[in-house]
Structure formats: C-alpha cells, structure tokens
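In this note's numbering, the protein residues as written are 17 to 330.
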C-alpha cells in the first residue's frame, strides 16, 4: 500500500476525503472501494430504547476498508456498546463516542471502537453509539455515488453549518446520555461526569445533542473533533467544549474558529487545537503528525476541568 493510499484509507473510513468530490460533484475514480462484509460481533451492545428500540439489524450494510476497518450503513436499530475500564484505574468519568460518516455511514472501527478502547485504557468508561442514519442504496457501488452526491449538496456554503443533518441521530444522542445516567451506579460512573466525543458527523451529533438538551439532559462536556467550524448561537449553560481540527482539512477548509469564538463570547469554557497537518478523518491521529496527540490532549483537558477526580466517582 502506498503512503498516499494509507492516507486515503484513514480518510475513507470516516467518509472524509471529500474535498475532491465536493469540487467535482463526483466520487474520485482512484478511491479504494469498500468491500461488503458480514456484520461483526458486537459484544455487549445494548438496544438504545430497550424493548421499544425501532428498526432491525437485518437491513444494515457492513463493509470493510483494507480488510480491517468496519463501516456500517442503513442503521435503523440504534445501540450503545459499553467499553469499561479496569475498576482499579476507573476515574468515574464516562464518554459517549459518536463515529462519523456523513450521517449515511458510521466508521465503527476508526472512530468508534478504537477510540472507546483507548479511553477505557486511560480509566474512562466509553460507550460507542451506533446511531440511526439516513438511508442509502444497499449496493456498495451505488451507495458510494449516492453518498458523494448528497454530501456535495449538503456542503454548499463553507462558511455555514452543513445542511446535511440527521434529527434521529440527535434523539439517539440524548437517549444514550439518559441510558448511561440511569445505569451510572452499575457501571461505576459519576452521573455529573458523563460527556460525549464525536468525529465529523459524530461531532455534529454531539453538538446537536448539546443544543437540543433540556436542563440536566445534555453532556457535561464534549469533544468536537474535526467538525464544521461555523459560528452558532451558544446556550447560556453550554458545557465545556474541546475543539480539534487539522488546518489542512479539505472538508471544512480553514476559516478560523468561529464556533470556538462563539463559546468564548458566551463565556463558556473552550479549548482549541488546530493541527498543522492531518487532513479530515484522522481519528486517533495520522502517524508523523501531531494529530496523534489528540486523545492525550482531550484527556488532559478533562483533567483540567475536574472531570477525572476520582473522589467524585459514585
């Protein structure tokens, strides 16, 4: 695999290398193809709404990039998969992990399970959210062209938030927070220290969950990893935000940090990390770039905010 294709693989797993497609209104011809795959085992996955959880796994379309990175489309039955730390090093904090994929796919390996296990290794309970998605054609090749077209249309104005959204993902974000809070004692979690981290469309899901939450419903903090940087109206009680993006991101070209500036204007806590290189979809980091520090910096920031103090664990 060439260096270029290794880079492309990281981008693809989050449906991330889209700048060329947006400009050309077509899927790039040299993109490695997803290979249809059997659904992997998802040990411990919990139906998000219990007996009332909608949908079915029968319609899900799973695929692999380069034989190792799972992506899923056509999710109608949302789940939450706990990845719990060793009790000996558990901090009592918890993070719901929202993978990206343009609301039409979920990068379950690259931006879900890998992130959750890395958090658990550091004493933070993690929960991978497989949220509901916008429908796409079942066939991989047909779906690829369809996704590029929808993505292009949803990114018409680089200075504004994308018009491509998914209200069901927001509902699932709120439900995931409620489920973790309801089981906080069982999982060794402090109810006041449950947050989110999202990547790309998952970052947008975390943000929309913040904006839609009523009192006591939203995350205590959230990581906004390579989400669009357009300015928004910030709620008066908005939680602390960790904002990270690569300055060479082709999906959300650099125009400053308006969303973080809005957090500052609202006098809410925010931290900004603008990496020199990393493109879009870097997940836990592109080797040879400082994006590999993103999780360590997120965790250090959580500690600075007081969310990792073990004395508060319930």
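C-beta atoms are modelled at their ideal positions from N, C-alpha and C, and glycine is treated no differently.
Proximity to residue 279 across 302, 295, 212, 253 peaks at 253, based on C-alpha coordinates. For the segment 177–224, the full-length beta strand (DSSP E) segments reaching 3 residues or more read 210–215 along the chain. Cβ contact annotation for residue 235 (same chain, cutoff 8 angstroms, sequence separation greater than five): 112, 193, 210, 211, 212, 222, 225, 226, 229, 255, in chain order. Just so you know, the alpha carbons of residue 184 and residue 101 end up roughly 29 angstroms apart. For a cut-off of 8 angstroms, the C-beta gap from residue 219 to residue 241 is around 5 angstroms, short enough to register as a contact. Between residue 305 and residue 105, the alpha-carbon positions lie close to 29 angstroms from each other.
The beta carbon of residue 307 sits closer than 7 angstroms to the beta carbons of 262, 291, 294, 298, 301 from its chain, once the five residues preceding and following it are set aside; these are given in chain order. Check the Cα spacing between residue 149 and each of 115, 142, 91, 163: the tightest is with 91. DSSP, reduced to helix, strand and coil, places residue 306 within a helical segment of the structure shown.
With respect to residue 72, residue 93 sits close: the two C-beta atoms are nearer than 8 angstroms. Along the segment 219–298, the beta strand (DSSP E) occurs as fully enclosed runs of 3 or more residues at 238–241, 257–262, 286–291, listed in sequence order. Take the alpha-carbon of residue 287 and the one of residue 315: they are about 12 angstroms apart. Distance from the CA atom of residue 88 to the CA atom of residue 204, rounded to whole angstroms, is 30 angstroms. Here the segment 119–133 makes no contact with the segment 61–71; the two share fewer than three CB pairs at distances below 8 angstroms. Beta-bridge partners assigned by DSSP to residue 138: none are found. Of the candidates 69, 310, 321, the residue whose Cα lies closest to the Cα of residue 289 is 310. Residue 53: member of the beta strand (DSSP E) spanning 51–53, first to last residue. In the structure shown, residue 152 falls within a coil segment according to DSSP collapsed to helix, strand and coil.
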